[in-house]
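**Q** The sequence shown lines up with residues 4 to 498 when you count with this note's numbering. Beta carbons are placed, not taken as given, at the ideal position from N, Cα and C, and that holds for glycine. I'd like to ask some things about the structure below.
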Amino acid sequence: MNENRPLLKTQQSVSSSGWYNNQFKISLFGLIYGCAIEMRSITETQFVYAYLKNRTEINNTVYETGVNKSKDDEKCLDNTTNTGDNYIQGLATDWTWYITLVIYGIGLPVLAFIGPLSDKLGRKPIILYNLGLTTISFSIRTYIVYADLNLYWYLLTCCIEGFAGSHYAYHFACCSTLANCTKAGKQRPFAFALYESMLGLGLCISEIGTGYLIKLLGFTYPYLISTGLNIIVFISFCTFQEENIEIEKTHTFSAKTKEVYTFCTKRESLSRSVSWKIFSITILIFFIYHFPVSSFGSIRTLYTLGLPFCWSSVHIGWYAAGVDVIQYVFSVLILRCLLMVIKDETITILGFVSNIAFLVMFGMLATDWFIYTATAIGVIRILPNPLLKSFLSRMVIPDKQGTLFSNIYLIEATCRLGGVTVFNNIYHQTRPIFKGMVFIVMASFSMCAVVLFICTQRTRTQTEQQEIAVDEPTVQSQKDVNEAQHNEYKATQKD
């Protein structure tokens with residue numbers, strides 16, 4: 004902190020606009036951004052599947068139909084054998100893995116670089132940088148899909164999104180903004196949950212619309228619309244969003260970039276009452292929980308596209324929209340009610356249990372009704388995500404919130420990269436034997452996370468009780484202390 008800068012001015016600059024105003028704008032922009040990102044994501048998986056399906060030789064038949072015409076109305080049982088479908092699913096899984104490796108392999112070092120800079124340069128420049136490059140990437144991919152170019156060109160343009168830091172750069176900047184304009188109590192976890200619910204509402208809208216767009220017009224228009232939505236968010240941030248931290252005029256880029264590792268080297272970044280051990284274990288719990296979550300969506304889409312479900316793009320869109328409404332809207336209302344009666348930690352445990360039950364049942368699927376039942380069971384499965392972020396945010400001093408969320412989304416990007424690599428290969432290898440095996444493996448990660456979380460909370464509770472016992476000694480212990488001090492005084496007098 005600059006000693007020549009008045010502290011009062013800094014505090015006023017942070018609170019110049021009400022937290023509710025910032026929260027409303029960030030959440031509204033998140034809705035539009037979530038719509039754009041999810042529209043691209045859903046279209047991408049189905050586009051890759053259709054591209055490979057139309058160009059892969061199965062049973063001596065070569066499909067070379069224009070990929071820009073959707074084939075969702077044809078049942079997969081009618082045009083592929085079980086063996087052929089497994090082969091195409093394997094190819095599609097590999098290609099989605101390649102795309103993920105390119106985007107997040109490049110995005111990881113970018114996040115490590117720009118994350119700490121947001122505490123000095125501000126959140127808004129980081130967001131505009133991310134939106135600008137993402138828009139360029141989406142627009143080029145729109146042309147590639149329209150011109151029906153080779154998938155290798157598509158893979159190449161994904162590098163631009165990687166240099167933008169992927170969508171994680173946008174999210175960490177927005178969450179840092181919310182952390183700086185909310186109190187560390189129950190206001191902050193609800194702010195994070197509301198932000199994610201608005202993202203979920205955007206996902207819901209795009210999932211319904213994308214299914215019909217693919218069915219009626221092919222794959223080009225979803226890409227075109229997602230590009231336009233990114234432009235709208237970019238213009239909105241330029242026009243309406245103000246910076247909510249004071250930007251330092253002097254900073255060294257190399258020094259600030261190293262701050263992404265500050266939690267591994269500096270105890271000063273944490274609040275006084277926070278144990279370094281508890282903070283590290285909470286980070287580990289977040290990693291274990293998020294490792295399978297980040298790769299679930301793409302595998303679920305491939306899972307329902309193939310046998311025995313053979314869902315169309317419209318069916319997939321409506322189901323995904325229903326899931327998002329349940330998990331991002333209803334779960335936030337449930338969270339708001341639960342926060343009034345039970346602790347955050349208890350809600351987190353319930354969320355872990357809901358996720359385990361959801362994944363286990365999803366792995367045992369035989370009919371469509373199993374999917375719907377599993378979805379109802381997993382209504383609060385996403386709650387550990389905002390709650391764990393809130394726990395970590397409370398443990399860190401306000402000046403390091405940007406660095407903290409850079410670390411959090413760096414972990415998420417790592418989980419995405421590693422999770423897709425691990426679980427896509429598990430799905431590829433085990434699908435002919437047991438199609439739902441990958442979801443059972445995912446559930447085991449959540450099981451480890453909840454056990455570790457419960458042990459951590461017990462340790463923290465015992466530590467707090469010991470601190471209270473030391474700070475507030477009993478009458479007997481106080482008497483012993485007084486006697487010891489008296490004896491020490493008498494010994495001093497004799498000397």
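Is Val-344 helix, strand or coil when you go by DSSP?
**A** The sequence position of residue 344 within the sequence shown is 341, counting from 1. When secondary structure is reduced to three states using DSSP, Val-344 falls in the coil class, being assigned neither helix nor strand.
**Q** Is it a yes or a no for the region 107–123 touching the region 137–155, going by three-plus beta-carbon pairs under 8 Å?
**A** The count of Cβ pairs closer than 8 Å, one atom from the region 107–123 and one from the region 137–155, stays below three, leaving the stretches out of contact.
**Q** Just how far apart, CA to CA, sit Asp-75 and Ser-315?
**A** Translated into the one-based positions of the sequence shown, residue 75 becomes position 72. Translated into the one-based positions of the sequence shown, residue 315 becomes position 312. Because the pLDDT at Asp-75 is just 45, under 50, the model does not fix this residue reliably, and the value given afterwards should be weighed accordingly. One C-alpha to the other measures close to 5 Å.
**Q** Please state if the CB of Phe-166 and the CB of Val-105 are separated by a distance shorter than 8 Å.
**A** Reading the sequence shown from its first residue, position 102 is the one you call residue 105. Reading the sequence shown from its first residue, position 163 is the one you call residue 166. Contact: no.
**Q** Which same chain residues, not among the five before or five after Ser-239, have their C-beta less than 7 Å away from its C-beta?
**A** To locate residue 239, count along the sequence shown from 1; it is residue 236. Closer than 7 Å at Cβ, skipping near neighbours: Phe-32.
**Q** Out of curiosity, what's the CA-to-CA distance linking Glu-210 and Val-328?
**A** Working through the sequence shown from its first residue, we reach residue 210 at position 207. Working through the sequence shown from its first residue, we reach residue 328 at position 325. One C-alpha to the other measures close to 11 Å.
**Q** Tell whether a beta-carbon distance below 8 Å holds between Met-445 and Leu-386.
**A** Residue 445 sits at position 442 when you count from the first residue of the sequence shown. Residue 386 sits at position 383 when you count from the first residue of the sequence shown. Their beta carbons are not under 8 Å apart, which means Met-445 does not touch Leu-386 by this criterion.
**Q** For Ile-228 and Leu-202, I'd like the C-alpha separation in whole angstroms.
**A** Looking up residue 228 in the sequence shown gives position 225. Looking up residue 202 in the sequence shown gives position 199. The straight-line gap from Cα to Cα measures roughly 17 Å.
**Q** Quick one: residues in its chain with C-beta nearer than 6 Å to the C-beta of Asn-427, no 5 flanking neighbours on either side, listed in chain order?
**A** For this step, residue 427 is matched to residue 424 along the sequence shown. These residues qualify, in order along the chain: Thr-96 and Trp-100.
**Q** So what's Val-454 in DSSP terms, helix, strand or just coil?
**A** In the sequence shown, the residue the question calls residue 454 occupies position 451. Val-454 falls in the helix class under three-state DSSP.
**Q** Spell out a yes or no on whether the region 450–465 and the region 278–287 are touching, meaning 3 or more CB-CB pairs, one atom from each, closer than 8 Å.
**A** yes
**Q** So Cys-313 is in the alpha helix (DSSP H); what residue range does that whole segment cover?
**A** Here the question's residue 313 lines up with position 310 in the sequence shown. Annotation: Cys-313 is outside any alpha helix (DSSP H) and is labelled neither H nor E by DSSP.
**Q** Which full runs of the alpha helix (DSSP H) of 4+ residues lie inside the region 143–171, going along the chain?
**A** Qualifying alpha helix (DSSP H) stretches, in chain order: 154–166.
**Q** Residues in its own chain within less than 7 Å of Ala-176 by CB, not counting five upstream and five downstream?
**A** Residue mapping note: residue 176 aligns to position 173 of the sequence shown, counting from 1. The residues Ser-121, Arg-126, Ile-129 and Ile-130, in chain order, have a CB closer than 7 Å to that of Ala-176 in the same chain once the five nearest residues on each side in sequence are set aside.
**Q** Going straight from the alpha carbon of Thr-68 to that of Asn-153, what length do you get?
**A** Indexing the sequence shown from 1 puts residue 68 at position 65. Indexing the sequence shown from 1 puts residue 153 at position 150. Here Thr-68 scores only 44 on pLDDT, less than 50, and its place in the model is too uncertain to base an answer on.
**Q** Please classify Ser-276 as buried or exposed, where buried requires at least 16 neighbouring CB atoms within 10 angstroms.
**A** On the sequence shown, position 273 is the one that residue 276 refers to. So Ser-276 ends up on the exposed side.
**Q** Rounded to the nearest angstrom, how far is the Cβ of Gly-168 from that of Gly-110, given a contact under 8 Å?
**A** Residue numbering aside, residue 168 sits at position 165 when the sequence shown is read from its first letter. Residue numbering aside, residue 110 sits at position 107 when the sequence shown is read from its first letter. Yes, Gly-168 and Gly-110 are in contact; Cβ-Cβ is about 5 Å, under 8 Å.
**Q** Which residues does DSSP pair with Val-51 in a beta bridge?
**A** The residue given as residue 51 occupies position 48 in the sequence shown. Beta-bridge pairing links Val-51 to no other residue.
**Q** Using DSSP with H/G/I as helix, E/B as strand and the rest coil, what is Val-399?
**A** On the sequence shown, residue 399 is found 396 positions in, with the first residue counted as 1. Residue state, collapsed to three classes: strand.
**Q** Please return the same chain residues whose Cβ sits closer than 6 Å to the Cβ of Ala-323, not counting the five positions on each side in sequence.
**A** Taking the sequence shown and counting its residues from 1, one reaches residue 323 at position 320. For Ala-323, where only same-chain residues beyond five positions count, the Cβ hits under 6 Å are Glu-210.
**Q** Report the three-state DSSP secondary structure of Leu-420 (helix, strand or coil).
**A** Translated into positions along the sequence shown, residue 420 becomes position 417. Of the three classes helix, strand and coil, the one that applies to Leu-420 here is helix, per DSSP.
**Q** How do the region 289–303 and the region 340–350 stand: do at least 3 beta-carbon pairs fall below 8 Å, yes or no?
**A** no
**Q** Contact check, Ile-352 vs Phe-456 under 8 Å by CB: the rounded distance?
**A** Taking the sequence shown and counting its residues from 1, the one referred to as residue 352 is at position 349. Taking the sequence shown and counting its residues from 1, the one referred to as residue 456 is at position 453. Indeed they touch by this definition, with Cβ atoms about 7 Å apart.
**Q** How many whole angstroms separate the CB atoms of Arg-191 and Ser-393, which I take to be in contact at a CB cut-off of 8 Å?
**A** Counted from its first residue, the sequence shown places residue 191 at position 188. Counted from its first residue, the sequence shown places residue 393 at position 390. Correct: roughly 5 Å between the Cβ atoms.
**Q** Should the region 229–238 be called in touch with the region 367–377, which here means at least 3 C-beta pairs below 8 Å?
**A** no
**Q** Select from Ala-182, Val-356, Glu-164 and Arg-43 the residue whose C-alpha is nearest the C-alpha of Ile-217.
**A** Counting from 1 along the sequence shown, the entry for residue 217 is found at position 214. Comparing Cα-Cα distances from Ile-217 to each of Ala-182, Val-356, Glu-164 and Arg-43, the minimum goes to Arg-43.
**Q** Under 7 Å from any heavy atom of the ligand COA, does the C-beta of Ser-169 make it?
**A** In the structure shown, the ligand COA is absent, as is every other ligand, since no ligand is present at all.
**Q** Assign Val-344 to one of two classes, buried (16 or more other C-beta atoms within 10 Å of its C-beta) or exposed (fewer than that).
**A** Position 341 of the sequence shown, counted from the first residue, corresponds to residue 344. Looking at its Cβ environment, which holds fewer than 16 other Cβ atoms inside 10 Å, Val-344 is exposed.
**Q** Could you check where the alpha helix (DSSP H) with Thr-242 kicks off and where it finishes?
**A** Along the sequence shown, read from residue 1 onward, the residue named residue 242 stands at position 239. From DSSP, the alpha helix (DSSP H) with Thr-242 extends over 223–243.
**Q** Roughly how many whole angstroms lie between the Cα atoms of Leu-338 and Ile-102?
**A** Counting from 1 along the sequence shown, the entry for residue 338 is found at position 335. Counting from 1 along the sequence shown, the entry for residue 102 is found at position 99. Between Leu-338 and Ile-102, the C-alpha separation is close to 35 Å.
**Q** Grab the span of the alpha helix (DSSP H) containing Ser-2 for me, first residue to last.
**A** Lying outside 4 to 498, the shown extent of the chain, residue 2 is not represented and no answer is given.
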